[in-house]
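Here is the structure we will look at.
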Amino acid sequence: MSQWSQVQQLEIKFLEQVDQFYDDNFPMEIRHLLAQWIESQDWEAASNNEAMATILLQNLLIQVDEQLDRVSQEKNLLLIHNLKRIRKLLQGKYHGNPMHIAVIISNCLREERRILAAASMPVQGPLEKSLQNSVVSERQRNVEHKVSAIKNSAQMTDQDVKYLEDLQEEFDFRYKTIQSLEQSDKNSALIKQEMLALQAMLNTLDYKRKEVLSKIGRVIHEIDMLMSNMLTEELLDWKRRQQIACIGGPLHGGLDQLQNCFTLLAESLFQVRRQLEKLDELLTRLTYDGDPIPVQRPQLLEKVNFLLYNLFRNSFVVERQPCMPTHPQRPMVLKTLIQFTVKLRLLIKLPELNYQIRVKATIDNNRRFVLCGTHVKAMNMDESANGSLSVEFRHLQPKEMKSSAGSKGNEGPHMVTEELHSISFETQVCLYGLTINLETSSLPVVMISNVSQLPNAWASIIWYNLSTNDPQNLSFFNNPPAATLSQLLEVLSWQFSSYVGRGLNSEQLNMLAEKLTGQQASYNDYQLTWAKFCKEHLPGKSFTFWVWLEAILDLIKKHILPLWIDGYVMGFVSKEKERILLKDKTPGTFLLRFSESNLGGITFTWVDQLENGDVTFHSVEPYNKGRLSALPFADILRDYKVIMADNVPENPLKYLYPDIPKDKAFGKHYSCQPNEVSKPSDGGGKGYVPSVFIPVSKILNDSTDPHSPSDLLPMSPSVYAVLREHLSPTVIETAVCCKLFHS
């Protein structure tokens, strides 16, 4: 089943998350129509290879053309129209930057995998639960309801102002008519009766003016209360959800809903402002003793302007935090002289502001870094699928100033990766006589000068955004607080779900907890220090916990990703627990475990039974990325052989724990069917014997543990392949023993 087919079967709450990252940058129609083809391409590799990205973009357009031909024959007018528009959009947007679409599609596929992984994990952690509680959802509904009610009230007040204007025009006409009469006519009974009617009209005008001012005051008060309480909380919650999403958590939604609320409130305030201007106009045409307009209008107008200033200032947000396209899963880590992207949005979406707001990007105020590239751009409604007023900077590069470069050699790696910086943005809004200066900043970023610093820099980003919702505490690492272990473990699981498509279960998290704390006790309230997580070496090791974990992530991503996604790699299990799990299993049962002593290593251990009935265990020397680059891990499991005593080499791996036949678990991941070595006459190139890689181990005795680390070290695969074809098992065994005893 294709990945897209699995996505379509998700529950609605997960489908809503998928919907959030498909827009005109990569329309969902194309994802749906070309699902199989899109999933068969290597978009991640193309995101760092312009030539490959160019070819993929060309092929994508060809695929769209083929779909156009198909739907044209079916006479599907709507789909024909959409596909023509999409083709034109894709060609225009990415013709000069094909790697950008490769990055976008790669990110979309990765997010799909993360959501599929999250949907398959039934247990929510404390952080995720806090982001999805019913109180927050109820407040969101209340905000939307109140904003709608305020909009209706402002519109109703418009009708009251119009009625007041009509009433005053009638009064003005009748009054001027009387004034135009001769003095003798003014003393008639009819005119006196008309004067009494005019006085009654003036009383009604006075009442209506007071009523309109009162209604305007209530609307302003309701907006003030909403902005001061629920809307502010909603915005802070969204920013917190964004922090969590940046470190691998659930995708943060709700910005479109906030935009709708901010826009409706701005429209209501401007509507009230126009109503007050209309009252001022009416005042110039008619006033009287006790007139409420000159007393109340200035105060109301001042309050409206104050609310507009605050609303605009809060509406200027960083929609997508700074991120290098080459490392989409590591936002807020920026490498000097490497481009990064960042997107801002003004939540007040008014057509009058389109292309009228120019945003300037800067970095810090310490003058250590400057931003190179296009750092001033206009906000517009054309680049976003939902028509939001936004701007995306795509060609910014941080550059370290020469004045500080000389001190760089004195900084250790921890100093570099614990130093926080901020990307700041400023602009000015001029609208309806108002001039409002706006400022906002990204979440703290970490600058690196070498990609080797990225793991520790990412650890800093994780710790900061896990520990605080303060968006601008640049001195955070002067005294970093401890983190609750249960929340940290949840975030560590997110690293796996977002980066390699499958999170960690409770047993795997328990193992990590034991490794971090050195104990098996309950860790719900355990407080873990930053030093323990990222700076202190693990007991008896030359590396930290985080470096060890990051190496495993890299191993999974590059070498065993399909096996990990399928859930066949137990991975995080101690040697002691491993033996407990295997001891009662059928001989030949094995499991896959990450090495605790070798960075980025994976091994397998199987259970065997001696002739006397005793159980024995064998573990192979861990495979690292160097060896896995030469031979896929699934093929290693298929072809692995062991030589014991005088026996013929055989594969001891029969069942993946707990009882899954090996070929059933890994068969679909084998690169090809097992090859037999050909004889020289069977077509070896230029007389050479064709060979295949076959991992082999030699076990000298029946002891539970090997005599030395080299006992289960594989023989050169090509050597064994040739030996097996031309020599008997006994001769091979004799040769191996001689090699071992003389080494």
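Residue numbering for the sequence shown follows UniProt numbering, starting at 1 and increasing by one per position.
All residues carry an ideal CB built from backbone N, CA and C; glycine is no exception.
Legend entry - Contact between the segment 97 to 108 and the segment 240 to 247 (3+ Cβ pairs under 8 Å): The segment 97 to 108 is not in contact with the segment 240 to 247.
Inset, instruction - Could you tell me which residues DSSP pairs with CYS372 in its beta bridges? - result: Partner(s): GLN397.
Legend entry - Where the beta strand (DSSP E) containing LEU504 begins and where it ends: From DSSP, LEU504 is part of no beta strand (DSSP E); its letter is neither H nor E.
Inset, instruction - Give the secondary structure of LYS541 by DSSP, where H, G and I count as helix, E and B as strand, and everything else as coil. - result: Residue state, collapsed to three classes: coil.
Legend entry - Endpoints, alpha helix (DSSP H) assigned at GLN73: Following the DSSP letters along the chain, one finds GLN73 inside the alpha helix (DSSP H) bounded by residues 50 to 74.
Inset, instruction - Return the CA-CA distance between THR605 and LEU10, expressed in angstroms with no decimal places. - result: C-alpha of THR605 to C-alpha of LEU10: approximately 36 Å in a straight line.
Legend entry - Residues that GLN609 bridges to, as DSSP identifies them: In the DSSP output, where bridge partners are listed per residue, GLN609 has VAL615.
Legend entry - 8 Å CB neighbourhood of TYR94 in its chain, flanking five on each side removed: Contacts found: LEU57, HIS100 and ILE101.
Inset, instruction - Per DSSP, which residues does GLY601 bridge with? Please list them. - result: Beta-bridge pairing links GLY601 to no other residue.
Inset, instruction - Taking only runs that begin and end inside the segment 449 to 513, name each unbroken alpha helix (DSSP H) of 4 or more residues, in chain order. - result: Entirely contained in the segment 449 to 513, the alpha helix (DSSP H) runs reaching 4 residues are, in chain order, 454 to 467 and 485 to 500.
Inset, instruction - Could you check what DSSP says for GLY571 in three-state terms: helix, strand or coil? - result: Note: GLY571 maps to strand in three-state DSSP.
Legend entry - Residue from LEU512, ASN478 and SER475 whose Cα sits closest to the Cα of GLU490: Checked all of LEU512, ASN478 and SER475; the closest Cα to GLU490 is LEU512.
Inset, instruction - Grab the span of the beta strand (DSSP E) containing GLN321 for me, first residue to last. - result: Its beta strand (DSSP E) spans residues 316 to 323.
Legend entry - C-alpha distance - ASN624 paired with ILE556, whole-angstrom precision: Between ASN624 and ILE556, the C-alpha separation is close to 11 Å.
Inset, instruction - Name, in chain order, the residues that DSSP records as bridge partners for GLN428. - result: Paired residues: ASN437.
Inset, instruction - Would you list the residues sitting across from GLN17 in a DSSP beta bridge? - result: In DSSP, GLN17 forms no bridge with anything.
Legend entry - the segment 466 to 474 contacting the segment 352 to 359, beta-carbon criterion three pairs below 8 Å: Here the segment 466 to 474 does not lie against the segment 352 to 359, with fewer than 3 beta-carbon pairs under 8 Å apart.
Legend entry - For THR204, the first and last residue of its enclosing alpha helix (DSSP H): Run containing THR204: 189 to 226, per the alpha helix (DSSP H) assignment.
Inset, instruction - Select from PRO325, ARG141 and LEU213 the residue whose C-alpha is nearest the C-alpha of GLY254. - result: Considering only alpha carbons, the answer is ARG141.
Inset, instruction - Measuring alpha carbon to alpha carbon, tell me which of ARG627, ILE293, ILE220 and GLU419 ends up nearest LYS278. - result: Minimum Cα distance to LYS278 is reached at ILE293.
Legend entry - Coil, strand or helix - HIS95 by DSSP: DSSP places HIS95 outside both helix and strand once states are collapsed to three, so it counts as coil.
Legend entry - Enclosing alpha helix (DSSP H) for MET644 [first to last residue]: DSSP places MET644 in no alpha helix (DSSP H) but in the uninterrupted beta strand (DSSP E) bounded by 641 to 644.
Legend entry - Distance between THR616 and SER703 (C-alpha atoms, nearest Å): Confidence in SER703 is poor, its pLDDT being 43 and thus under 50, which makes the residue's placement too unreliable to answer from.
Inset, instruction - Measure the beta-carbon distance from TYR288 to LEU202 and round it to whole angstroms, keeping in mind my assumption that it falls under 8 Å. - result: TYR288 to LEU202, Cβ: 7 Å. Contact.
Inset, instruction - Using alpha carbons as the reference points, say which of GLY249, PHE312, LEU258 and ARG285 lies closest to LEU269. - result: Check the Cα spacing between LEU269 and each of GLY249, PHE312, LEU258 and ARG285: the tightest is with PHE312.
Inset, instruction - Following the continuous alpha helix (DSSP H) through VAL7, name the residue where it begins and the one where it ends. - result: Looking at the DSSP string, the run of the alpha helix (DSSP H) that includes VAL7 is 3 to 8.
Legend entry - Beta-ladder partner(s) of LEU528, from DSSP: In DSSP, LEU528 forms a bridge with ALA483.
Legend entry - Rounded separation between PHE14 and ALA119 - CA only: Here the C-alpha atom of PHE14 lies approximately 7 Å from the C-alpha atom of ALA119.
Inset, instruction - Could you please give the first and the last residue of the uninterrupted beta strand (DSSP E) stretch that includes PHE594? - result: In the DSSP assignment, PHE594 falls within the beta strand (DSSP E) that extends over 589 to 594.
Legend entry - PRO680 - DSSP class collapsed to helix/strand/coil: Caution applies to PRO680, whose pLDDT of 43 falls short of 50 and renders its modelled position unreliable; the value that the coordinates give is listed next. Residue state, collapsed to three classes: helix.
Legend entry - Neighbourhood of ILE12 by C-beta distance below 8 Å, restricted to the same chain and skipping five residues each side: Excluding residues within five positions, none has a Cβ falling inside 8 Å.
Legend entry - Same chain, Cβ closer than 6 Å to ALA46, five either side skipped, listed in chain order: Cβ within range, chain order: MET52, ALA53, LEU56 and ALA102.
Inset, instruction - Less than 8 Å between the CB atoms is what I'm expecting for GLY503 and TRP494, so what's the real figure, rounded? - result: Their Cβ separation, rounded to whole angstroms, is 7 Å, which keeps GLY503 and TRP494 in contact under 8 Å.
Inset, instruction - Along the alpha helix (DSSP H) that carries THR586, what are the first and last residues, could you check? - result: Following the DSSP letters along the chain, one finds THR586 in no alpha helix (DSSP H), marked with neither H nor E.
Inset, instruction - Would you kindly work out how many angstroms separate the C-alpha atoms of CYS372 and VAL7, rounded to a whole number? - result: Annotation: CYS372 to VAL7 spans about 40 Å, alpha carbon to alpha carbon.
Legend entry - Collapsed DSSP secondary structure at LYS343 in the structure displayed: Strand.
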